[in-house]
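**Student:** Residue 132 is where the sequence shown starts when you use our numbering, and the numbers rise one by one after that.
Handing you a structure now.
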Amino acid sequence: MKKLLAALFLLLLICCKESGVQLAKPGTFVRYFSGGFPDQSQAIIETADNGFLILANTLPSATNNHYKIKLIKTDAYGNQEWQRFFPDYEVTTAVNPPDFRGFGLAAIHDNSDQETGYVIVGDSIKGNNHALLMIQVDKTGSTKATKIFKDLNVQGMGVAQAKSTGDFFVLGKSYSTGLDDMFFAQVTSTAMDTVWRKTYGAASTQLTNRVFFDATEKNAYWGGTRTDVTGSKIRFTRAGFDSKSVGFDLSYPVGGTTSLVGSDMCQYGFQYAFVGGSVIGNNQFDGIVFNRVNVDGGLVAFQEYDLHPELKDTDRFPQVTPPGNSICSTSDGGFLLLGTLALDAQGTDSNYLLIKIGSDGTEQWRKLHGSKFIDVGTKVLQASDGGYVVLGTTTLANVQSIFLMKTDMQGSIQ
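Following this line, the structure appears as structure tokens:
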């Protein structure tokens with residue numbers, strides 16, 4: 132028997148050259164990215180090669196509050212391929228270095244729909260002024276163009292490229308009037324000049340970092356949270372390209388007194404879905420909410436999810452961190468919600484919460500993932516192979532770090 136095993140082992144060595152031996156790569160993974168300074172995850176997209184591109188903001192100095200934009204490219208298994216900073220470190224040797232922050236991220240495609248690079252929107256801050264910032268990079272992360280719109284006191288939040296023109300449509304928050312107004316503009320992809328721009332008022336707003344088009348690319352859709360003296364509500368806005376005017380600006384719940392926040396949205400066929408939280412006090416939340424609407428803003432489905440169904444009413448506690456963070460549609464016709472679940476009333480420990488729901492919001496399962504420290508959800512998406520990808524910010528050794536996880540279709544790590 133020993134001779135047989137030895138012969139088999141020798142045969143294996145002969146047949147397998149070093150260059151030909153490949154270890155099986157797992158379909159699920161957990162990755163952390165940290166440069167030793169606080170990082171705040173903002174956005175993630177799946178790239179044409181089935182890898183992932185992560186957008187984050189990092190604070191590379193303990194002596195000032197000047198941020199840099201961090202862009203990380205990984206392969207399909209979460210392994211880092213490259214990392215870029217904007218501005219580069221060589222630029223920040225000045226006494227007063229640039230202060231860049233990025234919030235929106237999208238892929239750039241050519242006329243044949245091939246992915247050629249990526250675009251980032253955010254702001255460049257000087258004092259109290261938020262100048263709209265746009266950066267275009269190629270597929271290796273090298274800068275192709277950077278533009279600071281010094282005449283626009285705007286924080287760029289979301290960006291999408293129209294197939295019909297190749298131009299970018301930029302969503303942002305305008306500070307020009309002293310209020311948090313909504314800003315929307317068409318920007319050329321070549322010189323990054325504004326074709327037109329429009330500011331929409333009516334109450335203070337916090338925006339999600341997503342912009343969507345209808346099938347004809349005649350309307351854009353976005354959302355977030357609308358806040359006024361009556362409280363906060365989920366906001367859903369449609370604006371036309373040609374008229375440059377708001378088609379509608381709706382709030383949910385309609386006619387209700389409940390305060391809700393809208394943290395993220397996704398497209399669902401010709402419909403849209405939101406995730407957020409229910410507000411019970413000053414920066415206190417007690418549940419995750421799901422809101423699905425049709426293309427005209429009509430309510431299709433609404434559900435609220437208990438944060439701690441295992442606890443008695445007397446043992447429950449509100450949390451300060453918004454519980455509903457991101458949403459994506461899934462290949463089975465449902466949705467996956469990403470939330471942040473506080474594990475104690477003091478907010479010293481929180482985990483990532485995944486809730487799988489059907490098209491009507493009916494809960495199918497939930498899973499918890501995280502460390503023994505503070506974990507805060509940022510974005511969730513379903514990868515091309517069916518797995519779920521979670522982006523978050525995790526505190527490691529008292530430093531905020533980028534967290535990337537991929538689960539199977541049941542929300543588990545294998």
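Cβ coordinates follow ideal geometry from the N, Cα and C atoms, glycine included.
Every value quoted in this text rests on a predicted model; they were computed, and no experiment measured them.
Using three-state DSSP, classify alanine 528 as helix, strand or coil.
**Tutor:** Coil.
**Student:** Which residues in the same chain as glutamate 246 place their Cβ atom closer than 8 Å to its Cβ, once the five residues preceding and following it in sequence are excluded?
**Tutor:** Excluding residues within five positions, the ones whose Cβ falls inside 8 Å are Thr178, Ala179, Ala238, Ile239, His240, Lys270.
**Student:** Taking its Cβ as the centre, do 16 or more other Cβ atoms sit within 10 Å of tryptophan 213, making it buried, or is it exposed?
**Tutor:** By the 10 Å Cβ count, tryptophan 213 comes out exposed.
**Student:** Consult DSSP for tyrosine 352 and reduce its assignment to one of helix, strand or coil.
**Tutor:** Three-state result, tyrosine 352: strand.
**Student:** Using a 10 Å radius around the Cβ and a threshold of 16 neighbouring Cβ atoms, would you call leucine 302 buried or exposed?
**Tutor:** When all chains shown are included, leucine 302 counts as buried.
**Student:** Does the Cβ of arginine 357 have 16 or more other Cβ atoms within 10 Å, making it buried, or fewer, making it exposed?
**Tutor:** By the 10 Å Cβ count, arginine 357 comes out buried.
**Student:** Can you name, in chain order, every residue of its own chain whose Cβ lies under 8 Å from the Cβ of proline 169, other than the five neighbours on each side?
**Tutor:** Counting only Cβ-Cβ distances below 8 Å, and skipping sequence neighbours, we find Thr189, Leu190, Val530, Gln531.
**Student:** Tell me the rounded alpha-carbon separation between glutamine 513 and isoleucine 544.
**Tutor:** In a straight line, the C-alpha of glutamine 513 is about 15 Å away from that of isoleucine 544.
**Student:** Using alpha carbons as the reference points, say which of Val250, His439, Gly371 lies closest to serine 320.
**Tutor:** Comparing Cα-Cα distances from serine 320 to each of Val250, His439, Gly371, the minimum goes to Val250.
**Student:** Going straight from the alpha carbon of glycine 253 to that of alanine 476, what length do you get?
**Tutor:** Approximately 34 Å, taken between the alpha carbons.
**Student:** Is valine 511 near leucine 474, with beta carbons less than 8 Å apart?
**Tutor:** For valine 511 and leucine 474, no; Cβs fall outside 8 Å.
**Student:** Pick out whichever of Ala370, Gly387, Val385, Thr452 has its Cα sitting closest to the Cα of phenylalanine 379.
**Tutor:** Comparing Cα positions, the closest option is Ala370.
**Student:** Do the segment 380-391 and the segment 408-427 make contact, defined as three or more Cβ pairs closer than 8 Å?
**Tutor:** Short answer: they touch.
**Student:** Our contact map puts phenylalanine 344 next to valine 424 with C-beta atoms below 8 Å; I'd like the distance itself, whole angstroms only.
**Tutor:** With a Cβ gap of about 16 Å, phenylalanine 344 and valine 424 do not count as contacting.
**Student:** Measure the Cβ-Cβ separation of asparagine 552 and glycine 289 and say whether it is below 8 Å.
**Tutor:** A query on residue 552 cannot be resolved here, the shown segment of the chain reaching from 132 to 545 and no further.
**Student:** Compute the distance between the beta-carbons of glycine 248 and lysine 275, then report whether it is under 8 Å.
**Tutor:** Yes, the pair counts as a contact, with Cβ atoms nearer than the cut-off.
**Student:** Just verifying my parser: in three-state terms, what is the DSSP assignment at threonine 445?
**Tutor:** Helix at threonine 445.
**Student:** So lysine 294 is in the beta strand (DSSP E); what residue range does that whole segment cover?
**Tutor:** That residue, lysine 294, is in no beta strand (DSSP E); it is neither H nor E in DSSP.
**Student:** Determine the direct distance from the alpha carbon of tyrosine 399 to that of glycine 489, and round the result to whole angstroms.
**Tutor:** Taking the straight line from one Cα to the other gives about 12 Å.
**Student:** At what residue ranges does the segment 177-248 contain a whole run of the beta strand (DSSP E), taking only runs of 3 or more?
**Tutor:** Segments of the beta strand (DSSP E) lying fully in the segment 177-248: 183-189, 199-205, 211-217, 231-240.
**Student:** Output the residue ranges of the beta strand (DSSP E) runs that lie fully inside the segment 460-512 and measure 3 residues or longer, sorted by chain position.
**Tutor:** With a minimum length of 3 residues, the continuous beta strand (DSSP E) runs that stay inside the segment 460-512 are 466-473, 481-488, 494-500.
**Student:** Aspartate 427 to leucine 263, Cα distance in whole Å?
**Tutor:** Spanning the two alpha carbons is a distance of roughly 30 Å.
**Student:** Can you give me the C-alpha to C-alpha distance between aspartate 437 and leucine 484, rounded to a whole angstrom?
**Tutor:** Spanning the two alpha carbons is a distance of roughly 12 Å.
**Student:** Rounded to the nearest angstrom, how far is the Cβ of valine 507 from that of threonine 452, given a contact under 8 Å?
**Tutor:** Going by Cβ atoms, the distance from valine 507 to threonine 452 rounds to 6 Å, so yes, they are a contact pair.
**Student:** Using 10 angstroms around the beta-carbon of tryptophan 327, count the other beta-carbons present and answer buried if the total reaches 16, otherwise exposed.
**Tutor:** Its Cβ having fewer than 16 others within 10 Å, tryptophan 327 is exposed.
**Student:** What is the residue span of the beta strand (DSSP E) that threonine 368 lies within?
**Tutor:** 362-371 is the extent of the beta strand (DSSP E) around threonine 368.
**Student:** For glutamine 211 and glycine 235, what's the separation of their Cα atoms in angstroms?
**Tutor:** Their Cα atoms are separated by approximately 21 Å.
**Student:** Hey, would you say glycine 209 sits closer than 8 Å to lysine 537, going by beta carbons?
**Tutor:** Yes, Cβ-Cβ distance for glycine 209 and lysine 537 is below 8 Å.
**Student:** Return the Cβ separation of valine 342 and phenylalanine 401 in integer angstroms, given the expectation that the two are a contact with Cβ distance under 8 Å.
**Tutor:** With a Cβ gap of about 16 Å, valine 342 and phenylalanine 401 do not count as contacting.
**Student:** Quick one: Cα of alanine 381 to Cα of glycine 518, how far?
**Tutor:** Alanine is not the amino acid found at residue 381; the sequence shown has leucine there. Distance between the alpha carbons of leucine 381 and glycine 518 is about 33 Å.
**Student:** Name the DSSP bridge partner or partners of glycine 253?
**Tutor:** According to DSSP, glycine 253 bridges with Gly233, Leu264.
**Student:** Just to confirm my understanding: we take threonine 330, look at its own chain, exclude 5 residues before and 5 after, and list those with CB closer than 6 Å. What are they?
**Tutor:** Taken in chain order, the residues that qualify are Ser305, Asp312, Phe314.
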